[in-house]
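This report concerns only the one structure given below.
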Amino acid sequence: MDAVSSSMPLLVFVVIGTIAVASSILVVAMRNPVHSALFLLLTFLCVAVLFVLRSAEFVAAVQVLVYAGGIMVLFLFVVMLINVRHLPEERVLSPVWLGGIGVGLAMFVLFATIVRPGTYHDEVPNADKKLTTVDETYLTQDATNPNRLVRHHRQRENRNAEAVGMALYTDYLVPFEVASLFLLVAMIGAIVIGKRELSAAEEETAPDYMLERVETEKEVKEALSA
Amino acid sequence: MNKALLTYLVWPLVKFLIAFIIVQLIVVAMTWIERRLLGFIQARLGPNRVGPWGLLQGIADPVKLLLKEDILPTSAEKIAYFLGPMLPLIPAFVVFALIPYGPPPAFTVTRVNVGLLLILAITSTAVYGIILGGWASNNKYSLMGGLRSAAQMVSYEVPFGLSIVGVLMITGSLDLVQIVRYQETNAWNFLPQLVACFIFFVSMNAENNRTPFDLPEAESELVAGFHTEYSGMKFAFFMLAEYSMMIVNSCLIVTLFFGGWTFGMFGVGLTTSVLRGMGFFGGILGAAIFFAKVMVFMLVYVWFRATFPRFRFDQLMDLGWKWMIPLALGNIFVTGLFILAGQERLMYWIGLALLGATVFYLGRKPAPRKGIHASRVSEA
Numbered sequence: 167m168d169a170v171s172s173s174m175p176l177l178v179f180v181v182i183g184t185i186a187v188a189s190s191i192l193v194v195a196m197r198n199p200v201h202s203a204l205f206l207l208l209t210f211l212c213v214a215v216l217f218v219l220r221s222a223e224f225v226a227a228v229q230v231l232v233y234a235g236g237i238m239v240l241f242l243f244v245v246m247l248i249n250v251r252h253l254p255e256e257r258v259l260s261p262v263w264l265g266g267i268g269v270g271l272a273m274f275v276l277f278a279t280i281v282r283p284g285t286y287h288d289e290v291p292n293a294d295k296k297l298t299t300v301d302e303t304y305l306t307q308d309a310t311n312p313n314r315l316v317r318h319h320r321q322r323e324n325r326n327a328e329a330v331g332m333a334l335y336t337d338y339l340v341p342f343e344v345a346s347l348f349l350l351v352a353m354i355g356a357i358v359i360g361k362r363e364l365s366a367a368e369e370e371t372a373p374d375y376m377l378e379r380v381e382t383e384k385e386v387k388e389a390l391s392a
Numbered sequence: 008m009n010k011a012l013l014t015y016l017v018w019p020l021v022k023f024l025i026a027f028i029i030v031q032l033i034v035v036a037m038t039w040i041e042r043r044l045l046g047f048i049q050a051r052l053g054p055n056r057v058g059p060w061g062l063l064q065g066i067a068d069p070v071k072l073l074l075k076e077d078i079l080p081t082s083a084e085k086i087a088y089f090l091g092p093m094l095p096l097i098p099a100f101v102v103f104a105l106i107p108y109g110p111p112p113a114f115t116v117t118r119v120n121v122g123l124l125l126i127l128a129i130t131s132t133a134v135y136g137i138i139l140g141g142w143a144s145n146n147k148y149s150l151m152g153g154l155r156s157a158a159q160m161v162s163y164e165v166p167f168g169l170s171i172v173g174v175l176m177i178t179g180s181l182d183l184v185q186i187v188r189y190q191e192t193n194a195w196n197f198l199p200q201l202v203a204c205f206i207f208f209v210s211m212n213a214e215n216n217r218t219p220f221d222l223p224e225a226e227s228e229l230v231a232g233f234h235t236e237y238s239g240m241k242f243a244f245f246m247l248a249e250y251s252m253m254i255v256n257s258c259l260i261v262t263l264f265f266g267g268w269t270f271g272m273f274g275v276g277l278t279t280s281v282l283r284g285m286g287f288f289g290g291i292l293g294a295a296i297f298f299a300k301v302m303v304f305m306l307v308y309v310w311f312r313a314t315f316p317r318f319r320f321d322q323l324m325d326l327g328w329k330w331m332i333p334l335a336l337g338n339i340f341v342t343g344l345f346i347l348a349g350q351e352r353l354m355y356w357i358g359l360a361l362l363g364a365t366v367f368y369l370g371r372k373p374a375p376r377k378g379i380h381a382s383r384v385s386e387a
């Protein structure tokens, strides 16, 4: 029993990891965009399981909530809206593909060197303890003088959501805000571009839905030729 | 038997099965209750032929659907068409393992420290069935239904999640058990978070595609929307998933805003410790209170359906993006201000005042209507 329960995480990792890798390959191999999107969804779910294995439940939940629940739905929405049933057949091993594999391998080597313990972050002597506990400082009133606050320091069990929140809003506040600013800029850009095309279409006499259809078809053709 | 196996596999499975069966019984009951209640509200009878008061309708319907021919439209995507009705069932069923039905630990299946977030994550994947089913049917109306559902889900997921943030801020936990324990020592969350409760209720109706928001299956425009091409058991699975998700959302609103399995505030009444003192019977009582509250919300769902006409799609989007999201953000801001000022108790009074004002406003004598309708009424 002990042998089974101790090797369980490894077993789950191997199975789920294999599914994740296989489905991510299928994302690019599928000729039907909807099927590709579905395999991407499967990849996201598998990665969420891998996060749980590393006891990062919060990240796992957010991964499913944001990517599976939001972004993939929008992906599917767009794919279905322009209704591309099948992409044209292509040879699998064109020179471009070989280049892609080369870039992928280079990235892999880069990541492997960076993530290797001791290179990017220091090796922690008690790595597991560091993961499961968190240092916390808190203020209380002094027992003798109620106007004075005393700073205490304690170690307690790390609650996942809190750890992420603390990291985001203290150590990484500036990168976090910069990232949200980027998103805001991207959103404004999208609205501006969308609005401009709308106003150009309004000048025409043809009804909107026809123009939209022409535009979508043009987009599809561009997407197909690209 | 191994003790670890018993505590981590057998007992949770047994508890999950019990909860699952109760929920499925509610689904069967709802098929009858909903139509009878709709009939009552619309001044007609509803199904009353099968068994006493039509009670056996809940059995007659599944039998009919089981015996119907299972049609596969030509040029439908076979795998996606098959997966369509199956996919929404998975999240709808899995979530019941995360909801505490009664005083813990006996009546909770599992406790995850990010429980609420996990529930949101799981339920957010339920939309794929509708999108896939609509797309795979190879029918324009179905596709339109699927697309509408996708847009609607993504839009209302945001106020749905944001309305919960206020609750999280005052309870300080993502653990549903902790949230309920907070509510029994303080007030039920619908008092300090009345606005959030309202937003949550509206968004959960939208998430479930229930009537004022049932545009994915709007029969006056789209035949039957995403399930136009489905028949027999596949159609039944769509309905099963929809009603299961309704129960999930009722469970959530009861847990988050209406005190879960407890019946009492400020530590008075049937709190967890009182229920625990009664032993096993107390646990059953807690679960009964919980499911009674859930049933109340299921009936409110029906009442809501009978009361409101369907939105137009742009109205739906306007309501979501221009009203619900700003309102939810404002609620978070105001809640933050109160917490910062240390005046959380003041929120109860404001909530109570808001509730009173709403009841007073809705309960006042309506002004006489102008136009043909009013003149006809006065003639009669």
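These protein sequence lines are chains A and B, in that order. Just so we're aligned, residue 167 is where the first sequence starts under the numbering used here, counting upward by one. Just so we're aligned, residue 8 is where the second sequence starts under the numbering used here, counting upward by one. Glycine included, each C-beta is placed from N, C-alpha and C at the ideal position. Computed from a prediction, not measured in an experiment: that's the story for all the values here.
Where residue i falls: helix, strand or coil (DSSP)
i                 : result
LEU277 of chain B : strand
PHE270 of chain B : strand
MET285 of chain B : coil
ALA225 of chain B : coil
ASN196 of chain B : coil
TYR108 of chain B : coil
ASP337 of chain A : helix
TYR237 of chain B : coil
THR314 of chain B : helix
LYS85 of chain B  : helix
VAL244 of chain A : helix
PRO333 of chain B : helix
PHE265 of chain B : coil
ASP182 of chain B : coil
ASP77 of chain B  : coil
SER6 of chain B   : Because chain B spans 8 through 387 in this model, residue 6 of chain B falls outside it and cannot be assessed.
LEU63 of chain B  : coil
SER221 of chain A : coil
PHE114 of chain B : coil
GLN31 of chain B  : helix
LEU377 of chain A : helix
LEU124 of chain B : helix
MET238 of chain A : helix
THR132 of chain B : coil
ARG352 of chain B : helix
LEU369 of chain B : helix
PRO69 of chain B  : helix
GLN322 of chain B : helix
Residues that residue i contacts on chain B, provided the C-beta gap is smaller than 7 Å
i                 : result
LEU242 of chain A : ILE138, ALA157
VAL213 of chain A : Correct list: empty, because the minimum Cβ distance to chain B is about 13 Å.
Chain B contact residues for residue i, given Cβ-Cβ distances below 8 Å
i                 : result
ALA234 of chain A : ALA128, SER131, THR132
LEU216 of chain A : Near LEU216 of chain A there are no residues of chain B at all, since even the closest Cβ is about 15 Å away, more than 8 Å.
Within chain A, partners of residue i - CB distance below 8 Å
i                 : result
GLY153 of chain B : MET246
Interface residues of chain A facing residue i [CB-CB closer than 7 Å]
i                 : result
VAL121 of chain B : GLU223, PHE224, ALA227, ASN326, ALA327
TRP142 of chain B : VAL200, MET246
Under 7 Å (Cβ pairs) to chain B, residues found in the segment 174-193 of chain A: Here the close residues number zero.
Positions along the segment 210-230 of chain B whose CB lies within less than 8 Å of some CB in chain A: The segment 210-230 of chain B vs chain A, Cβ under 8 Å: nothing.
Just checking, does the segment 198-216 of chain B make contact with the segment 254-264 of chain B on the three C-beta pairs under 8 Å criterion? Taking a cut-off of 8 Å on C-beta distances, the segment 198-216 of chain B touches the segment 254-264 of chain B, as three or more cross pairs fall below it.
State whether the segment 99-114 of chain B contacts the segment 45-65 of chain B, with contact taken as three or more CB pairs (one from each stretch) at a distance under 8 Å. Taking one beta carbon from each stretch, the segment 99-114 of chain B and the segment 45-65 of chain B have fewer than 3 pairs nearer than 8 Å; the two do not touch.
Mind the definition here: the segment 60-77 of chain B touches the segment 113-120 of chain B only if three or more C-beta pairs lie below 8 Å; say whether that holds. No: fewer than three Cβ pairs fall under 8 Å.
Any residues in the segment 161-191 of chain B with a beta carbon nearer than 7 Å to a beta carbon of chain A? Which ones, in chain order? Those residues of the segment 161-191 of chain B placed with their C-beta closer than 7 Å to a C-beta in chain A are VAL161, GLU164, LEU181, ordered along the chain.
How about the segment 215-232 of chain B and the segment 136-155 of chain B: do they share at least three Cβ pairs that are nearer than 8 Å? In short, these stretches touch, since the Cβ pair count reaches three.
For the pair the segment 244-254 of chain B and the segment 32-45 of chain B, tell me if three or more CB-CB distances fall below 8 Å. Cβ pair count under 8 Å is three or more, so yes.
Within 8 Å of chain A by C-beta, residues of the segment 96-126 of chain B in sequence order: Flagged, chain order: VAL119, ASN120, VAL121, LEU124, LEU125.
Can you confirm whether the segment 168-188 of chain B touches the segment 138-145 of chain B when touching is taken to mean that 3 or more C-beta pairs between the two stretches lie within less than 8 Å? In short, these stretches do not touch, since the Cβ pair count stays below three.
Does the pairing of the segment 199-212 of chain A with the segment 227-239 of chain A give three or more beta-carbon distances under 8 Å? Touching, yes, given that three or more Cβ pairs across the two stretches are closer than 8 Å.
Looking at C-beta atoms only, is the number of pairs between the segment 329-346 of chain B and the segment 240-250 of chain B that lie closer than 8 Å three or more? Because the criterion of three Cβ pairs below 8 Å is not met, the segment 329-346 of chain B and the segment 240-250 of chain B do not touch.
Take every Cβ of the segment 277-293 of chain B, pair it with every Cβ of the segment 210-229 of chain B, and state whether three or more of those distances are shorter than 8 Å. As far as the Cβ criterion goes, the segment 277-293 of chain B does not touch the segment 210-229 of chain B, which means the pair count is below three.
So does the segment 216-224 of chain B actually touch the segment 121-133 of chain B, counting three or more Cβ pairs closer than 8 Å? Fewer than three pairs of CB atoms, one per stretch, sit closer than 8 Å, so the segment 216-224 of chain B makes no contact with the segment 121-133 of chain B.
With three or more beta-carbon pairs closer than 8 Å as the criterion, would you say the segment 157-169 of chain B touches the segment 293-300 of chain B? The segment 157-169 of chain B, when compared against the segment 293-300 of chain B, does not touch it at the 8 Å Cβ threshold.
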